[in-house]
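Trainee: Dropping a structure here in structure tokens format, bear with me for questions.
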Amino acid sequence: MASAISVRALTKKFGDVLALDGLDLTVQPGEVHGLLGPGGSGKTTTIRVLLGLLRPGGGTATVLGRDPWRNSVSLHRRVAYVPGEVALWPGLTGGQAIDVLGRLRGGLDPTRCRSLIERFELDPTRKSRTYSKGDRQKIAFVAALAADSELLVLDEPTSALDPMLAAVFRECIAEFAACGGTVLLSSHSLAEIDALCSAVTFIRAGRTVQAGKLSDLRRCHRTTVTATTRIRPHPIGHVPGVHNLRGGDDPHTVTFDVDPEQLDPVLTTLTGLGIVSIVANPPTLEDVFRRENREEASVLAGGQSR
4 MASAISVRAL
14 TKKFGDVLAL
24 DGLDLTVQPG
34 EVHGLLGPGG
44 SGKTTTIRVL
54 LGLLRPGGGT
64 ATVLGRDPWR
74 NSVSLHRRVA
84 YVPGEVALWP
94 GLTGGQAIDV
104 LGRLRGGLDP
114 TRCRSLIERF
124 ELDPTRKSRT
134 YSKGDRQKIA
144 FVAALAADSE
154 LLVLDEPTSA
164 LDPMLAAVFR
174 ECIAEFAACG
184 GTVLLSSHSL
194 AEIDALCSAV
204 TFIRAGRTVQ
214 AGKLSDLRRC
224 HRTTVTATTR
234 IRPHPIGHVP
244 GVHNLRGGDD
254 PHTVTFDVDP
264 EQLDPVLTTL
274 TGLGIVSIVA
284 NPPTLEDVFR
294 RENREEASVL
304 AGGQSR
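Numbers 4 to 309, taken from this note's numbering, label the letters of the sequence shown in order.
Listed below in structure tokens is the structure:
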């Protein structure tokens, strides 16, 4: 199997609204892949197509080598899904709900299930109607992670969890991936994507803006450098690739952004000035995401102006 998820030129319309406009997405086996985009960009529609809940209007989509629309029943035994809004049977206890969800996936590992219930601090004896939104998400997590699933599809999964339990969730996802599982994670939390994902796809207006390994994407964006030198660092402003030069209270300290391919000449110049201290901050996922959205919005605005 070449890829766990393969989407090519996917389209989907709801009436006159084009939700997906030729979207491409590839998730490799064993990868934790982030799906990022502003609200209304098509993330949830993409996930519903991958789960076989929506029929695509055009293009192709395969999950674990199979068409999710034609093979949804068999795929649901291999794929676990946790939505941002979890609905449960109000008359069932949490434990009963976990059992029902587990049977849909061919059963659960009892030992793993008990461990997850403890880690998520869940009371499985209460009726589902008494659960908060966060408790309902815990039920979905336990059922998903206690099954022998090959692929986890997560849509805003920690929106109702407190920070401590969100950290437990991240630990569980890292453990799942370490055992060879594949994860597609849609989240508004850039920090969560940054902490968990090795690859990311940016989408906007139903189209793929950019995709790739996070390490590769970061190399395409500027690093922020703060340096203090013995000689005043005025010459650094004349080095090609240096941007947004700004000083501080100390005339020997300067902060600037530098293109990744120009780091070597920048360091050479700083060395000649006598480095006292230097801090380099590579671009965060938030930096990459904001820049991609600014550039895409600029392109769209330019096309409209023509």
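Backbone N, C-alpha and C define an ideal beta-carbon position, used for all residues, glycine too.
1. Pull the bridge partners of V52 from the DSSP assignment, please.
2. Taking DSSP's pairing of strands, which residues face N284 in a bridge?
3. For L38, which of D158, R235, C182 has the nearest alpha-carbon?
4. DSSP state of Q265, grouped into three classes?
5. DSSP three-state label for Q99, please.
6. Following the continuous beta strand (DSSP E) through V145, name the residue where it begins and the one where it ends.
7. DSSP three-state label for R242, please.
8. Let me know if D19 comes out buried or exposed under the rule of 16 or more other beta-carbons within 10 Å of its beta-carbon.
9. Going by beta-carbon coordinates alone, are E153 and L276 separated by less than 9 Å?
10. Anyone know if the C-beta pair for I50 and Y84 falls short of 9 Å?
11. What is the DSSP secondary structure of T161, reduced to helix, strand or coil?
12. If you run the structure through DSSP and keep just helix, strand and coil, what is I234?
13. Beta-carbon within less than 7 Å of G105's beta-carbon, same chain only, minus the 5 sequence neighbours each way: which residues are those?
14. For I176, collect the residues of the same chain with a Cβ closer than 7 Å to its Cβ; drop the 5 residues on either side in sequence, then sort them by chain order.
15. Going by DSSP in three states, V171 sits in which element: helix, strand or coil?
16. Enumerate in chain order the residues of its own chain whose CB-to-CB distance from K16 is below 7 Å, with the five nearest sequence positions on each side excluded.
17. If you draw a straight line from the C-alpha of V302 to the C-alpha of D219, how long is it?
18. What does S9 pair with, by DSSP beta-bridge criteria?
19. Could you tell me if A64 is buried or exposed, where buried requires 16 or more neighbouring beta carbons within 10 angstroms of its beta carbon?
20. Below 8 Å, how does it come out for the segment 122-133 and the segment 95-103: are there three or more Cβ pairs, yes or no?
21. Shortest alpha-carbon distance to L288 belongs to which of R117, Q213, P160?
22. Quick one, which of R249, P286, G240, L188 has its alpha-carbon nearest T47's?
23. Return the CA-CA distance between P268 and L217, expressed in angstroms with no decimal places.
24. Since T229 contacts T211 with CB under 8 Å, what's their CB separation in whole angstroms?
25. Please state whether DSSP places V20 in a helix, a strand or coil.
26. Spatial neighbours of R115 within its chain, please: CB distance less than 6 Å, with the 5 preceding and 5 following residues excluded, ordered by chain position.
27. For I206, which residues does DSSP report across the bridge?
28. Between the beta-carbon of T226 and the beta-carbon of P263, is there less than 9 Å?
29. Verify whether the separation of the beta carbon atoms of P286 and Q265 is less than 9 Å.
30. Three-state secondary structure (DSSP) at V76?
31. Measuring alpha carbon to alpha carbon, tell me which residue in A163, L273, R122, R117 is nearest S135.
32. Please report the residue range of the alpha helix (DSSP H) in which T133 lies.
33. Do the CB positions of T231 and V279 come within less than 9 Å of each other?
Mentor: According to the data block:
1. As a position in the sequence shown, residue 52 is number 49, starting the count at 1. The partner list for V52 (beta bridge, DSSP) is empty, contrary to what the question assumes.
2. Taking the sequence shown and counting its residues from 1, one reaches residue 284 at position 281. N284 pairs with T227.
3. Numbered from its first residue, the sequence shown carries residue 38 at position 35. Relative to the Cα of L38, the nearest Cα in the group D158, R235, C182 belongs to D158.
4. The residue you call residue 265 lines up with position 262 of the sequence shown. In the structure shown, Q265 sits in a helix (DSSP, three-state: H, G or I).
5. Position 96 of the sequence shown holds residue 99. Q99 falls in the helix class under three-state DSSP.
6. Taking the sequence shown and counting its residues from 1, one reaches residue 145 at position 142. Per DSSP, V145 belongs to no beta strand (DSSP E); it is in the alpha helix (DSSP H), 136-149.
7. Looking up residue 242 in the sequence shown gives position 239. Inspection of the sequence shows that residue 242 is occupied by Val rather than by Arg. In this structure, V242 counts as coil in the three-state DSSP scheme.
8. Indexing the sequence shown from 1 puts residue 19 at position 16. Label assigned to D19: exposed.
9. Residue mapping note: residue 153 aligns to position 150 of the sequence shown, counting from 1. Residue mapping note: residue 276 aligns to position 273 of the sequence shown, counting from 1. Contact flag unset, no.
10. As a working note, residue 50 is residue 47 in the sequence shown. As a working note, residue 84 is residue 81 in the sequence shown. The answer is yes: Cβ separation under 9 Å.
11. In the sequence shown, the residue the question calls residue 161 occupies position 158. Correct three-state label for T161: coil.
12. If you number the sequence shown from 1, residue 234 lands on position 231. Collapsing the DSSP output to three states places I234 in coil.
13. The count along the sequence shown starts at 1 and reaches residue 105 at position 102. These residues qualify, in order along the chain: L111, A146, A149, A150.
14. Taking the sequence shown and counting its residues from 1, one reaches residue 176 at position 173. Closer than 7 Å at Cβ, skipping near neighbours: V35, V186, L199.
15. Taking the first residue of the sequence shown as position 1, residue 171 is located at position 168. Secondary structure of V171 (DSSP, three-state): helix.
16. Translated into the one-based positions of the sequence shown, residue 16 becomes position 13. Once the five neighbours on either side are set aside, the close Cβ partners of K16 are A22, G60.
17. Position 299 of the sequence shown holds residue 302. Position 216 of the sequence shown holds residue 219. Only weak support exists for where V302 lies, its pLDDT of 48 falling under 50; the coordinates are left without a value.
18. Taking the sequence shown and counting its residues from 1, the one referred to as residue 9 is at position 6. BP columns for S9 point to T29, T65.
19. The residue you call residue 64 lines up with position 61 of the sequence shown. By the 10 Å Cβ count, A64 comes out buried.
20. Under the 8 Å Cβ criterion, the segment 122-133 counts as touching the segment 95-103, having at least three qualifying pairs.
21. The residue given as residue 288 occupies position 285 in the sequence shown. Out of R117, Q213, P160, Q213 has the C-alpha closest to the C-alpha of L288.
22. Numbered from 1 along the sequence shown, position 44 holds the residue referred to as residue 47. Comparing Cα positions, the closest option is L188.
23. Stepping through the sequence shown from its first residue, residue 268 is reached at position 265. Stepping through the sequence shown from its first residue, residue 217 is reached at position 214. Using only the alpha carbons, I get a separation of about 25 Å.
24. In the sequence shown, counting from the first residue as 1, residue 229 sits at position 226. In the sequence shown, counting from the first residue as 1, residue 211 sits at position 208. So it is not a contact: roughly 35 Å between Cβ atoms.
25. Along the sequence shown, read from residue 1 onward, the residue named residue 20 stands at position 17. Look at V20 here: in three-state DSSP terms it is strand.
26. Residue 115 sits at position 112 when you count from the first residue of the sequence shown. The answer, listed in chain order, is A149.
27. One-based indexing of the sequence shown puts residue 206 at position 203. According to DSSP, I206 bridges with T211.
28. Here residue 226 is taken as the residue at index 223 of the sequence shown, counted from 1. Here residue 263 is taken as the residue at index 260 of the sequence shown, counted from 1. Yes, the Cβ-Cβ distance between T226 and P263 is below 9 Å.
29. As a working mapping, residue 286 is identified with position 283 in the sequence shown. As a working mapping, residue 265 is identified with position 262 in the sequence shown. In this structure, Q265 does not lie closer than 9 Å to P286 by Cβ.
30. Residue numbering aside, residue 76 sits at position 73 when the sequence shown is read from its first letter. Here V76 sits in helix by DSSP.
31. Along the sequence shown, one-based indexing puts residue 135 at 132. Nearest option by C-alpha distance: A163.
32. Here the question's residue 133 lines up with position 130 in the sequence shown. It is not in any alpha helix (DSSP H) - T133 carries neither H nor E in the DSSP assignment.
33. Looking up residue 231 in the sequence shown gives position 228. Looking up residue 279 in the sequence shown gives position 276. With contacts defined by Cβ atoms closer than 9 Å, T231 and V279 form a contacting pair.
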